[in-house]
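Colleague: In the working numbering, the protein residues as written are 224 to 346.
Idealized CB from N, CA, C, for every residue including glycine.
All values reported here derive from a predicted model rather than from experimental measurement.
1) Go ahead and pull the three-state DSSP assignment for residue 341.
2) Helix, strand or coil for residue 312? Go by DSSP, reduced to three states.
3) If I measure Cβ to Cβ from residue 255 and keep anything under 8 Å in the same chain, skipping five residues before and after, which residues do I get?
4) Assign residue 303 to one of three DSSP states: helix, strand, or coil.
5) So if DSSP puts residue 265 in a beta bridge, which residue, or which two residues, is it bridged to?
6) Using the C-alpha atoms, what's the distance from residue 328 back to residue 321?
7) Can you name the start and end residues of the alpha helix (DSSP H) that residue 330 belongs to?
8) Whose CA, out of 239, 323, 299, 298, lies closest to the CA of residue 284?
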C-alpha cells in the first residue's frame, strides 16, 4: 500500500504574491526564494531532498484547475503509482498525466469534495 509520508506543500492563490512574501519574510522570518516567491522547510523524517513548501501563486494561475478552490495541498508519498491506483479505486478523479523533473515525480487528482491534490514522490 502506498502512503503519505509528509506534507509537501500548502499552495494557494495570492492577489500579490511578492507583497505577501515580503510580509511573511518581514513578519515571521520566512526565507523567500525569488524563483517561485515561496519558502520551504526541511522535515526531519521525510526522504532526503523533501521539504514542505509555502507557495503563493499568482491569483490568475490555472495550476489548481480543474478545482475552483484557491488552494492545493501537496503530499509526499512513498510510491506514487500505487497511491494513484488507490485514489482511482476509491473514486478519486486523476488529473492529467504524472510528470517527472529533477525534484521527482508529480501527479494530481481531485478528491470527493473537489479539492485538487498534488502527490510528490521525491527522487
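Modeller: In this structure, then:
1) strand
2) helix
3) 244, 245, 247, 248, 261, 262
4) helix
5) 274
6) 7 Å
7) Per DSSP, residue 330 belongs to no alpha helix (DSSP H); it is in the beta strand (DSSP E), 327-333.
8) 239
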